[in-house]
Ligand SMILES: Nc1ncnc2c1ncn2[C@@H]1O[C@H](COP(=O)(O)OP(=O)(O)O)[C@@H](O)[C@H]1O
Ligand SMILES: [Mg+2]
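Protein chains in written order, with the numbering used here: chain A, 359 to 957; chain B, 166 to 640.
Below you can see the structure in the form of structure tokens.
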């Protein structure tokens with residue numbers, strides 16, 4: 359270690375909130391991580407101009423004075439990747455919140471604390487390779503059973519090339535222990551531990567990309583059946599406050615059939631993170647029957663925590679997601695809310711006195727958003743496995759107006775758009791996903807999966823349902839002016855059909871013990887019984903039987919209750935409803951043909 | 166205002182003479198050294214008055230200071246500026262603050278002494294670690310049907326009232342204070358009242374209300390009134406919440422905090438931002454309004470292992486009754502719901518004029534149901550929402566086609582809408598309804614509709630609660 363001379367340490371020359379300037383700037387490099395002052399506040403160099411470095415500090419800067427020393431870390435902002443991530447909750451710069459509580463109590467203070475991943479915890483390492491093999495970055499050196507649900511694959515770190523000289527035998531190790539030695543081409547031996555560091559702003563490499571084609575099943579009917587997302591895909595959930603962004607993301611975190619969930623609370627409420635922390639150890643993953651927390655990593659930079667770390671939290675999360683993808687897992691990342699991240703960019707940009715573009719946002723907003731969503735994808739990893747990162751970002755448009763910059767730009771870069779609707783939310787119609795404004799570009803891509811798993815008519819059924827809703831929307835314009843009674847029965851039939859789809863299929867309460875999650879097969883049959891009834895209504899109308907007779911049939915009540923009363927993957931009860939529909943409609947038709955019954 | 170006695174380390178203080186610039190509520194002092202960001206400042210005018218301020222930005226040569234009492238009357242040459250070497254702090258202790266009245270900066274206005282027992286506390290507080298938070302789920306009965314039945318308040322929640330000028334938000338807040346009861350247990354409670362730019366008579370009405378309901382000794386009031394300096398409003402809620410957190414988390418009290426009017430607070434923030442020449446975002450408000458409001462609203466909640474809680478009821482008036490205005494909009498994005506008052510209901514003579522449709526309590530679902538309120542609570546509430554939303558559509562239709570031409574079912578909705586507003590929303594200023602009264606009333610109303618319309622409740626619930634309501638009405 360060389361002694362630091364004073365002229366080799368930059369000092370603070372200016373402080374305004376999270377923005378700090380230091381001189382001389384030439385001692386620091388762009389995006390270098392720094393520690394400021396005796397308290398070692400963590401920051402990052404975000405600008406170098408002449409001899410001044412501009413630093414964004416990830417912690418509260420109250421009391422910071424000009425003249426304070428700044429310590430460059432010779433490293434870009436990074437995260438630690440290795441066993442110990444799962445089940446943890448970190449802040450935006452990967453400080454473990456559990457540990458912070460132990461150390462400081464109930465409130466978060468500032469300053470340097472502890473490594474992100476525990477150095478004390480002992481893991482059972484099982485080697486996967488024999489000495490002598492050639493090693494490249496991303497190769498699986500061995501495994502650690504991190505939770506009952508997840509086998510953590512220990513990957514050769516970035517830049518690691520050469521011959522595996524030594525690999526630790528099966529046994530118990532901490533993150534400080536060397537588990538492998540690799541001799542590079544120059545003869546230099548690299549000692550490898552179970553974790554490595556990765557700069558958060560750089561996406562991790564993979565071999566090649568695939569087109570997403572397998573649905574990421576969420577158990578939410580409006581998503582899976584109407585606007586599906588594929589594994590490795592991107593989706594945005596825009597909506598004004600109270601329309602259901604957070605509940606939707608919580609639902610996806612609970613029920614999506616991903617192996618790993620990364621949940622980022624970016625500038626949102628503390629209690630929402632607490633809610634996840636309370637629920638997830640209790641709720642079971644429907645696939646593995648293990649507590650959900652065993653597949654989840656939480657990142658919490660709530661709205662009262664420092665704003666610059668909010669900006670970092672998105673990158674911290676996506677880097678972890680890529681890391682699990684590189685182990686061959688399907689990862690789903692929720693970011694609630696990307697608007698707060700964009701606003702953090704705006705706030706820092708404002709303090710840097712940059713030229714603003716739209717609504718005060720910096721001109722690079724669009725390119726940052728694009729780069730973020732570009733990190734989603736289904737890939738072949740460096741070790742030849744398949745993994746994916748699906749990104750689902752909430753967007754919080756001011757005043758609920760989708761024409762604002764963050765929503766507009768996000769729309770350009772995502773494939774699914776789940777538009778939340780204030781009006782639906784205020785009638786407590788949930789999920790308040792507007793079926794006319796929303797879309798998914800993956801419908802054709804996932805059709806074959808659905809057709810294989812449910813029925814060859816899946817796509818047609820779905821498209822027919824969407825068509826009814828669209829026709830209904832047109833008719834509603836007339837209804838608003840004249841009332842439903844003014845419509846002839848062949849049009850009222852559309853309205854009644856749409857009602858069934860809206861109330862009995864699309865509407866799904868997150869808080870109902872049965873309906874909170876809906877299996878694919880149940881989704882199919884639920885829509886099937888509704889659409890079949892709609893089909894048969896056509897016969898009723900053709901026979902000039904008043905429509906209300908059809909709506910009063912006892913089977914309608916059964917359709918209403920089906921989402922609650924039929925559980926799991928039961929098919930029988932649905933077949934019975936189909937049968938009863940036919941019976942009851944036939945009877946109605948028959949009776950109308952017998953004139954004596956008309957009287 | 167008397168200068169406050171200083172208890173700070175004297176060697177941390179540095180004093181300078183002369184201001185190089187005065188702009189709006191800000192002053193710039195040059196030639197300084199040893200001053201930290203966010204530090205508290207005392208400004209002594211040429212006539213010897215002391216004003217309080219805070220460092221907003223600092224370089225090696227100069228500091229920008231916001232002056233809480235405004236800069237009017239300051240002169241450039243003789244003004245002395247003292248940097249206190251510490252952030253803005255107050256001292257609080259239970260016996261010294263309850264039953265008392267303070268200024269927005271925490272100085273006594275009631276002639277009593279300034280609190281001096283205890284440690285000085287930074288008024289900005291610290292973020293609560295999400296790991297330490299306990300999820301709020303204890304039902305608070307306010308006796309108001311639109312709240313208890315459809316937008317339930319729970320202990321540790323932040324639930325603002327979105328109002329408009331001239332609407333009875335103060336009456337509603339006072340009624341909540343008078344009636345609020347936590348069903349589960351009786352523990353000691355306190356009320357913190359922070360006024361930002363409200364009129365004397367409004368503050369006085371609150372005081373009298375506290376007095377009449379016999380709780381005055383459990384109240385601490387922090388008053389920044391309409392004629393007090395605007396910039397002081399930026400500190401007032403923080404001072405008040407520092408007191409609230411202390412009472413809740415160190416003295417085990419359930420604390421209800423009323424913050425009124427947050428609109429005045431936001432306007433003061435805008436004024437300072439504009440003076441600094443910052444790039445505004447929407448309607449001239451600074452881009453960090455969201456973060457700034459969050460640093461106030463997030464100071465509510467419960468903490469594991471501590472008995473007390475901080476429940477916030479902020480009040481704000483929506484400029485032009487516009488809920489998309491940045492102040493209500495950003496507030497709604499942070500708080501755990503909102504109670505929205507409506508001018509049309511007010512004109513119809515409905516009190517409290519709560520429009521339930523845009524109102525919300527995000528913590529409701531964990532605070533209600535069997536063992537907390539009643540098993541049918543969730544569904545009947547949802548049914549009331551659906552029915553009222555539909556009835557509003559029918560009303561719009563009726564205004565076009567005329568009431569006579571409505572279909573049979575629509576006519577029922579039309580009647581429902583009126584009855585709902587008249588019987589459920591409307592109640593007396595002293596009418597304290599129990600939760601089961603509220604829910605039964607809800608059932609009475611939905612039973613006006615055909616059963617086939619009641620898709621949000623189960624047939625069993627209709628049987629048990631709906632039919633019971635029928636019998637009730639026959640009696
Ligand atoms: N799928 C859903 N099922 C039931 N209730 C929902 C659903 N989505 C939203 N809600 C209700 O709406 C409220 C607001 O939802 P939330 O996701 O917090 O909104 P946002 O994040 O958009 O502000 C929730 O507290 C809940 O009561
Ligand atoms: Mg949310």
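The beta carbon of each residue, even a glycine, is placed where N, CA and C say it ideally should be.
| task | With distances taken Cα to Cα, identify the nearest neighbour of residue 444(B) among 715(A), 427(A), 526(A) and 814(A). | result | The count along the second chain starts at 1 and reaches residue 444(B) at position 279. If we check each option's Cα against that of residue 444(B), 715(A) comes out closest.
### residue 415(A) versus 926(A), 794(A), 706(A) and 620(A), residue with shortest Cα-Cα distance
One-based indexing of the first chain puts residue 415(A) at position 57. The residue with the shortest Cα to Cα distance from residue 415(A) is 706(A).
Meets three-Cβ-pair contact criterion under 8 Å: the segment 448-464 of chain B and the segment 657-664 of chain A: Touching, yes, given that three or more Cβ pairs across the two stretches are closer than 8 Å.
- Does the distance from the C-beta atom of residue 776(A) to that of residue 572(A) stay below 8 Å? As a position in the first chain, residue 776(A) is number 418, starting the count at 1. As a position in the first chain, residue 572(A) is number 214, starting the count at 1. It is not a contact, given that the beta carbons lie outside the stated cut-off.
Worksheet entry | Best match in 420(A), 392(A) and 396(A) for proximity to residue 374(A) [C-alpha to C-alpha] | Start at 1 with the first residue of the first chain, and residue 374(A) comes out as number 16. It is 420(A) whose Cα lies nearest to the Cα of residue 374(A).
In terms of residues, what are the limits of the alpha helix (DSSP H) holding residue 889(A)? Translated into the one-based positions of the first chain, residue 889(A) becomes position 531. Per DSSP, residue 889(A) belongs to the alpha helix (DSSP H) from 878-900.
Worksheet item: List, in order along the chain, the chain B residues whose C-beta lies closer than 8 Å to that of residue 372(A)?
Response: Counting from 1 along the first chain, the entry for residue 372(A) is found at position 14. Within 8 Å Cβ-Cβ: 222, 223, 224 and 225.
Q) Can you name the start and end residues of the beta strand (DSSP E) that residue 690(A) belongs to? A) The sequence position of residue 690(A) within the first chain is 332, counting from 1. Element bounds for residue 690(A): 688-694.
* Asked: What whole-angstrom Cβ distance do residue 504(B) and residue 304(B) have, given they're in contact under 8 Å?
  -> Reading the second chain from its first residue, position 339 is the one you call residue 504(B). Reading the second chain from its first residue, position 139 is the one you call residue 304(B). About 16 Å separates the two Cβ atoms, so there is no contact after all.
- Item | Contacts of residue 708(A) in chain B (Cβ-Cβ under 7 Å) | As a first step, residue 708(A) must be located in the first chain, where it is residue number 350. The answer, in chain order, is 443, 444 and 452.
Simplified DSSP state of residue 439(B), which is helix, strand or coil: Reading the second chain from its first residue, position 274 is the one you call residue 439(B). Three-state DSSP puts residue 439(B) in a helix.
Query - Cβ contact check for the segment 765-783 of chain A and the segment 612-629 of chain A: 3 or more pairs under 8 Å - result: Note that the segment 765-783 of chain A does not touch the segment 612-629 of chain A; fewer than 3 beta-carbon pairs, one per stretch, sit closer than 8 Å.
- Task: For the segment 906-932 of chain A, enumerate the residues whose C-beta is nearer than 9 Å to any C-beta of chain B, in chain order.
- Result: Here the close residues are 909, 910, 914, 915, 918, 919 and 922.
Exercise for review: With 8 Å as the threshold, decide whether the Cβ of residue 658(A) is near any Cβ in chain B.
Suggested key: Translated into positions along the first chain, residue 658(A) becomes position 300. Closer than 8 Å: yes.
(request) Determine, using beta carbons only, whether residue 804(A) and residue 696(A) come nearer to each other than 8 Å. (result) In the first chain, counting from the first residue as 1, residue 804(A) sits at position 446. In the first chain, counting from the first residue as 1, residue 696(A) sits at position 338. With contacts defined by Cβ atoms closer than 8 Å, residue 804(A) and residue 696(A) do not form a contacting pair.
_In this structure, how does DSSP classify residue 173(B) when only helix, strand and coil are distinguished?_
On the second chain, residue 173(B) is found 8 positions in, with the first residue counted as 1. Note that residue 173(B) scores a pLDDT of 43, beneath 50, so its modelled location is shaky; the value from the coordinates is reported in the next line. In this structure, residue 173(B) counts as coil in the three-state DSSP scheme.
Can you check whether the C-beta of residue 294(B) is within less than 8 Å of a C-beta belonging to chain A? For the purposes of this step, residue 294(B) is identified with residue 129 of the second chain, where counting begins at 1. True, the Cβ-Cβ gap to chain A drops below 8 Å.
> Can a CB atom of chain B be found closer than 8 Å to the CB of residue 861(A)?
Replying inline: Here residue 861(A) refers to the residue found at position 503 when the first chain is read from its first residue. Closer than 8 Å: yes.
Discussion item. If the cut-off is 9 Å on Cβ atoms, which residues from the segment 651-679 of chain A count as contacting chain B, listed in chain order?
Written reply: 656, 658, 660, 661, 662, 663, 664, 665 and 668: these are the residues of the segment 651-679 of chain A whose beta carbon lies less than 9 Å from some beta carbon of chain B, given in chain order.
**Prompt:** Exposed or buried, which one is residue 492(A) when buried takes at least 16 other CB atoms within 10 Å?
**Reply:** Residue 492(A) sits at position 134 when you count from the first residue of the first chain. Only exposed fits residue 492(A), as fewer than 16 other CB atoms lie within 10 angstroms of its CB.
Exercise. Would you tell me roughly how many angstroms separate the C-alpha atoms of residue 421(B) and residue 433(B), rounded to the nearest one?
Key: Counting from one through the second chain, the residue named residue 421(B) turns up at place 256. Counting from one through the second chain, the residue named residue 433(B) turns up at place 268. Cα atoms of residue 421(B) and residue 433(B): separation of roughly 24 Å, rounded to the nearest angstrom.
Margin query: Quick check on the contact list: which residues have their beta carbon closer than 5 Å to a heavy atom of ligand 2?
Written below: Chain order is used for the residues whose beta-carbon lies nearer than 5 Å to a heavy atom of ligand 2, namely 603(A) and 604(A).
TODO: Could you check if residue 402(A) is buried or exposed, using at least 16 other CB atoms within 10 Å of its CB as the buried criterion?
DONE: For the purposes of this step, residue 402(A) is taken as residue 44 along the first chain, with counting starting at 1. Burial call: buried.
Short CB-CB distance (under 8 Å) between residue 587(A) and chain B
On the first chain, position 229 is the one that residue 587(A) refers to. Among the CB atoms of chain B, none fall inside 8 Å of the CB of residue 587(A).
Exercise. For residue 419(B), which of helix, strand or coil comes out of DSSP?
Worked result: Along the second chain, one-based indexing puts residue 419(B) at 254. Residue 419(B): strand per DSSP, three-state reduction.
- Query: Can you tell me whether residue 195(B) is buried or exposed, with buried defined as 16 or more other CB within 10 angstroms of its CB?
  - Reply: Here residue 195(B) refers to the residue found at position 30 of the second chain. Under this definition residue 195(B) is an exposed residue.
**Asked** For residue 633(A), which residues in chain B fall below 7 Å Cβ to Cβ?
**Response** As a first step, residue 633(A) is located in the first chain; it is residue number 275 there, counting from the start. Identification of chain B residues near residue 633(A) by a Cβ-Cβ cut-off of 7 Å yields 300, ordered along the chain.
message = Given 7 Å as the limit, tell me if residue 789(A) has its C-beta closer than that to any heavy atom belonging to ligand 1.
response = As a working mapping, residue 789(A) is identified with position 431 in the first chain. At least one heavy atom of ligand 1 is nearer than 7 Å to the Cβ of residue 789(A), so yes.
TODO: Kindly give me the distance between the Cβ atoms of residue 735(A) and residue 567(A), rounded to whole angstroms, as I take these residues to be in contact under 8 Å.
DONE: In the first chain, the residue the question calls residue 735(A) occupies position 377. In the first chain, the residue the question calls residue 567(A) occupies position 209. Indeed they touch by this definition, with Cβ atoms about 5 Å apart.
Within the same chain, show all residues whose beta-carbon is closer than 7 Å to that of residue 899(A), passing over the 5 residues directly before and after it, in chain order. Residue 899(A) sits at position 541 when you count from the first residue of the first chain. Closer than 7 Å at the Cβ level, and outside the excluded window around residue 899(A), lie 847, 848, 851 and 905.
| task | Could you tell me which of 947(A), 546(A), 614(A) and 555(A) sits nearest to residue 749(A), measuring between CA atoms? | result | As a first step, residue 749(A) must be located in the first chain, where it is residue number 391. The alpha carbon of residue 749(A) has as its nearest neighbour, out of 947(A), 546(A), 614(A) and 555(A), the alpha carbon of 614(A).
List the residues of chain B that residue 754(A) touches, going by C-beta distances under 8 Å, in chain order.
Locating residue 754(A) in the first chain gives position 396, where the first residue counts as 1. For a Cβ distance threshold of 8 Å, residue set 498 of chain B lies close to residue 754(A), ordered along the chain.
Q.
Let me confirm a value: residue 912(A) is counted as buried when at least 16 other C-beta atoms fall within 10 Å, else exposed. Which label applies?
A. Indexing the first chain from 1 puts residue 912(A) at position 554. Result: exposed.
In terms of alpha-carbon separation, which member of 890(A), 871(A), 948(A) and 689(A) lies closest to residue 903(A)? For the purposes of this step, residue 903(A) is taken as residue 545 along the first chain, with counting starting at 1. Of the listed residues, the one whose Cα sits closest to residue 903(A) is 948(A).
So with Cβ pairs under 8 Å, would you call residue 838(A) a contact of chain B? Here residue 838(A) corresponds to residue number 480 of the first chain, with the count starting at 1. With respect to chain B, the C-beta atom of residue 838(A) has a partner C-beta closer than 8 Å.
- Anything in chain A within Cβ reach of residue 566(B), meaning under 7 Å, just list it in chain order. Position 401 of the second chain, counting from 1, holds the residue named residue 566(B). 840 and 841, listed in chain order.
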